[in-house]
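Trainee: Our numbering numbers the first residue of the sequence shown as 8 and each following residue consecutively. The structure's right below; bear with me while I get my questions together.
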Amino acid sequence: MPLLVRRSLSARLVRIIAAALAAGETADATFAAPLIPGSIVIATAPGTGSGPTAITLTEYPPDFNSPRQAFTIPSGAPTPYGATVGSATTVCQIAFPADDQQSVLVATSYTNTTSPRNAGFVRCDFSGPAPGVAEASPSGDGAVDGRGVAAISSTVFASTGLSLRRRAGTTWEVLISGNCRWIERHGGDVFVSTSSSSGAFSAGNGIYRLSESAPAPGAPSPVLILAAEGANPLGFAIADAQTIYLAIHAAGGGYDAGLYKFRFNGAAWTNEGRLAAISVGQAVSDVDAAVSGGTASVYVITDTTIWSLQDALSSSGATWQVTPATPRVPGLSRGRSIAIVPTPPPPECACRGDLNLDGAVNGADLTAFVACVIHGGPACACADVNANGGITPDDVGPMLTRLVTEGGCL
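Here you go:
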């Protein structure tokens, strides 16, 4: 590489870093979309009454200092894709497909623009410079109380008060007939909460499961039964094979509204009690959890507040019930659902410093390298130029060396 070009690249990198730091560059200031892995997305639907209500998705960083971005799904003619039933409390779950960190699936009550209206889901795409509705799919069961949603690749599960349906490709089929609520996927199975105690759910109110690939119609198996009748489970998070966090949004069946923890003791699920920090009477709608080692980072949404807490998966009884929890965002208007943006697996890096993966370390990698040093992120493996397992300003010198003395990948 000619000496003049080397000096030009070095000077350019220094200028980019200096300008970014002088401007106090942050992830919030630089990017509107895409979503940041590890951040928190919530859905609110503030309307009342029986008519359609717009759903707003809001992203918060893990420290909840301020909202990062918000997107209100269009709810007026001719595209009322984001509408939900204003007076309902069991609607509007959000979820991420297992293999897509930039698509937020939203269970919707009014999903098509023609009569008869149908529940289903919309997919909101955050991969571009601004979010938008990329897909709307009515499930076809005639209900307008879209409740739960979950997906892997092109297979989507959606629920209403009438059924749990599965869409493989473009065709919807009835997987379970009955009063279904919210959905989660875990270990090749699909789980659904219900307050029903009849038909497929004759074992009582709680959580049931069946294989994601079960022939339709399927026969769900009871997993966690709360009561014979009267209980009101809604959102839940399966932290691991032995731990479930469950949101109960209204009193009934011997349970107050609140966040509950259940542990599997090898033979049955044991109720470890309601989290005391969230006072009795608060309608808890949803919960999500990210596990690292033996600790879960748990995020909870009520009608009015986002809460966060750290919990040892093995905690039980009184220990669990007094786990410190922090109210992060008060003053919500009908908080409905909460989901953690998944972290994709880190890309393999065959050439340290080659941020754009074109097989060479050159000026085209500079902007991405600086963004990784300042912001970090799961797509920054190749910014760890000194190969010490972290991305810090200590990588700047080795990056300059790659630019000036090596150039291409070795």
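The beta-carbon is built from N, C-alpha and C at its ideal position, and this holds for glycine as well. Note that the structure is predicted; figures quoted are calculated from it, not measured.
With three or more C-beta pairs closer than 8 Å as the rule, is the stretch 230-238 touching the stretch 303-310?
Mentor: Cβ pair count under 8 Å is below three, so no.
Trainee: Report the residue from Ala61, Ile47, Ser46 whose alpha carbon sits nearest the alpha carbon of Pro53.
Mentor: Within the sequence shown, residue 53 is the residue found at index 46, counting from 1. Checked all of Ala61, Ile47, Ser46; the closest Cα to Pro53 is Ala61.
Trainee: Short check: CB of Val98 to CB of Arg343, under 9 Å?
Mentor: Indexing the sequence shown from 1 puts residue 98 at position 91. Indexing the sequence shown from 1 puts residue 343 at position 336. Taking 9 Å as the Cβ cut-off, Val98 and Arg343 qualify as a contacting pair.
Trainee: Please return the same chain residues whose Cβ sits closer than 7 Å to the Cβ of Asn278, not counting the five positions on each side in sequence.
Mentor: Indexing the sequence shown from 1 puts residue 278 at position 271. Answer for Asn278: Tyr267, Phe269, listed in chain order.
Trainee: From Glu66 to Thr350, what does the alpha carbon distance come to, in whole angstroms?
Mentor: Taking the sequence shown and counting its residues from 1, the one referred to as residue 66 is at position 59. Taking the sequence shown and counting its residues from 1, the one referred to as residue 350 is at position 343. Computed Cα separation, rounded: 15 Å.
Trainee: Roughly how many angstroms lie between the CA atoms of Thr178 and Cys131, to the nearest whole one?
Mentor: Counting from one through the sequence shown, the residue named residue 178 turns up at place 171. Counting from one through the sequence shown, the residue named residue 131 turns up at place 124. Going by the C-alpha atoms only, they are around 20 Å apart.
Trainee: Which term fits Asp318, buried or exposed, when burial requires 16 or more other beta carbons within 10 angstroms of its beta carbon?
Mentor: As a first step, residue 318 is located in the sequence shown; it is residue number 311 there, counting from the start. Classification for Asp318: buried.
Trainee: My understanding is that Pro224 touches Ser184, with C-beta atoms under 8 Å, so please give their C-beta distance in whole angstroms.
Mentor: Here residue 224 corresponds to residue number 217 of the sequence shown, with the count starting at 1. Here residue 184 corresponds to residue number 177 of the sequence shown, with the count starting at 1. The pair is a contact, with the Cβ atoms about 7 Å apart (cut-off 8 Å).
Trainee: Go through its chain and collect everything with a Cβ distance to Gly396's Cβ below 6 Å, but skip five positions before and after it.
Mentor: Position 389 of the sequence shown holds residue 396. Counting only Cβ-Cβ distances below 6 Å, and skipping sequence neighbours, we find nothing.
Trainee: By a C-beta neighbour count over all protein chains shown, 10 Å radius and 16 as the cutoff for buried, is Ala126 buried or exposed?
Mentor: Looking up residue 126 in the sequence shown gives position 119. Result: buried.
Trainee: Of all the options Val197, Ala264, Ser144, which has the alpha carbon lying nearest to the alpha carbon of Ser218?
Mentor: By one-based count along the sequence shown, residue 218 stands at place 211. Comparing Cα positions, the closest option is Val197.
Trainee: I'd like to confirm the pairing. Which residues does DSSP put opposite Val329 in its beta bridges?
Mentor: For this step, residue 329 is matched to residue 322 along the sequence shown. Partner(s): none; Val329 has no beta bridge.
Trainee: In this structure, how does DSSP classify Cys389 when only helix, strand and coil are distinguished?
Mentor: In the sequence shown, the residue the question calls residue 389 occupies position 382. Three-state result, Cys389: helix.
Trainee: Thinking Gly242 and Ser292 are a contact (beta carbons under 8 Å), I'd like their distance in whole angstroms, please.
Mentor: Residue 242 sits at position 235 when you count from the first residue of the sequence shown. Residue 292 sits at position 285 when you count from the first residue of the sequence shown. About 6 Å; that satisfies the 8 Å criterion.
Trainee: So, do the stretch 141-148 and the stretch 70-79 have three or more beta carbon pairs nearer to each other than 8 Å?
Mentor: The stretch 141-148 vs the stretch 70-79: no contact.
Trainee: Mapping DSSP to helix, strand and coil, what is Ala367?
Mentor: Taking the sequence shown and counting its residues from 1, the one referred to as residue 367 is at position 360. Strand at Ala367.
Trainee: Jot down the residue ranges of each uninterrupted beta strand (DSSP E) in the stretch 181-229, minimum 3 residues, whole runs only, in chain order.
Mentor: The qualifying runs are 190-193, 196-201, 212-218.
Trainee: Under a Cβ-count criterion, where at least 16 other Cβ atoms within 10 Å of its own Cβ denotes burial, should Val348 be classed as buried or exposed?
Mentor: In the sequence shown, counting from the first residue as 1, residue 348 sits at position 341. Result: buried.
Trainee: Quick check on the DSSP output: the alpha helix (DSSP H) that includes Gly404 runs from which residue to which?
Mentor: As a first step, residue 404 must be located in the sequence shown, where it is residue number 397. Counting along the chain, the alpha helix (DSSP H) containing Gly404 begins and ends at 403-408.
Trainee: In the DSSP output, which residue or residues are listed as bridge partners for Ile101?
Mentor: Counted from its first residue, the sequence shown places residue 101 at position 94. Per DSSP, Val113.
Trainee: Is the separation between the beta-carbon of Ile47 and that of Phe71 shorter than 9 Å?
Mentor: On the sequence shown, residue 47 is found 40 positions in, with the first residue counted as 1. On the sequence shown, residue 71 is found 64 positions in, with the first residue counted as 1. Yes.
Trainee: Determine the DSSP secondary structure at Thr412, reduced to helix, strand or coil.
Mentor: On the sequence shown, position 405 is the one that residue 412 refers to. In the structure shown, Thr412 sits in a helix (DSSP, three-state: H, G or I).
Trainee: Can you tell me where the beta strand (DSSP E) holding Val151 begins and where it ends?
Mentor: Taking the first residue of the sequence shown as position 1, residue 151 is located at position 144. First-last for Val151: undefined, no H or E at that position.
Trainee: Which same chain residues end up closer than 6 Å to Ile245 when comparing Cβ atoms and leaving out the 5 residues on each side of it in sequence?
Mentor: Working through the sequence shown from its first residue, we reach residue 245 at position 238. These residues qualify, in order along the chain: Glu191, His193, Ile251.
Trainee: For the beta strand (DSSP E) containing Leu373, list its first residue and its last residue.
Mentor: Numbered from its first residue, the sequence shown carries residue 373 at position 366. Where Leu373 is concerned, there is no enclosing beta strand (DSSP E), although the alpha helix (DSSP H) it sits in stretches over 373-382.
Trainee: Considering only residues of the same chain and omitting the five flanking positions on each side of Ala346, which have a CB-CB separation below 7 Å?
Mentor: Indexing the sequence shown from 1 puts residue 346 at position 339. Correct list, in chain order: Val48, Ile101, Ala102, Phe103, Asp295.
Trainee: My output table needs one value for Gly324: the three-state DSSP class, helix, strand or coil.
Mentor: Mapped onto the sequence shown, residue 324 falls at position 317. Residue state, collapsed to three classes: helix.
Trainee: Taking Ser116 and Asp152 to be in contact with their CB atoms under 8 Å, please state how far apart those CB atoms are, rounded to whole angstroms.
Mentor: Translated into positions along the sequence shown, residue 116 becomes position 109. Translated into positions along the sequence shown, residue 152 becomes position 145. So it is a contact: roughly 6 Å between Cβ atoms.
Trainee: If you run the structure through DSSP and keep just helix, strand and coil, what is Pro337?
Mentor: On the sequence shown, position 330 is the one that residue 337 refers to. Coil.
Trainee: Hey, how far is the Cα of Ser122 from the Cα of Ser82?
Mentor: For the purposes of this step, residue 122 is taken as residue 115 along the sequence shown, with counting starting at 1. For the purposes of this step, residue 82 is taken as residue 75 along the sequence shown, with counting starting at 1. So the alpha carbons of these two residues sit roughly 16 Å apart.
Trainee: Could you give the DSSP three-state label for Pro68: helix, strand or coil?
Mentor: Residue 68 sits at position 61 when you count from the first residue of the sequence shown. Here Pro68 sits in coil by DSSP.
Trainee: Hey, Glu236 and Gly211: beta-carbon distance below 9 Å or not?
Mentor: Translated into the one-based positions of the sequence shown, residue 236 becomes position 229. Translated into the one-based positions of the sequence shown, residue 211 becomes position 204. In contact: Glu236 and Gly211 (Cβ atoms closer than 9 Å).
Trainee: Where does Ser315 land, buried or exposed, given buried means 16+ other C-beta within 10 angstroms?
Mentor: Locating residue 315 in the sequence shown gives position 308, counting from the first residue. The residue in question, Ser315, is buried, as its Cβ has 16 or more Cβ neighbours within 10 Å.
Trainee: For Ala375, which residues of its own chain have a beta-carbon under 7 Å away from its beta-carbon, when the five flanking residues on both sides are left out?
Mentor: Counted from its first residue, the sequence shown places residue 375 at position 368. Contacts found: Leu362, Asn363.
Trainee: What's the gap between the Cα of Arg341 and the Cα of Thr412?
Mentor: To locate residue 341, count along the sequence shown from 1; it is residue 334. To locate residue 412, count along the sequence shown from 1; it is residue 405. Each residue's Cα considered, the two are about 58 Å apart.
Trainee: Does the Cβ of Asp402 have 16 or more other Cβ atoms within 10 Å, making it buried, or fewer, making it exposed?
Mentor: Reading the sequence shown from its first residue, position 395 is the one you call residue 402. Buried is the call here.
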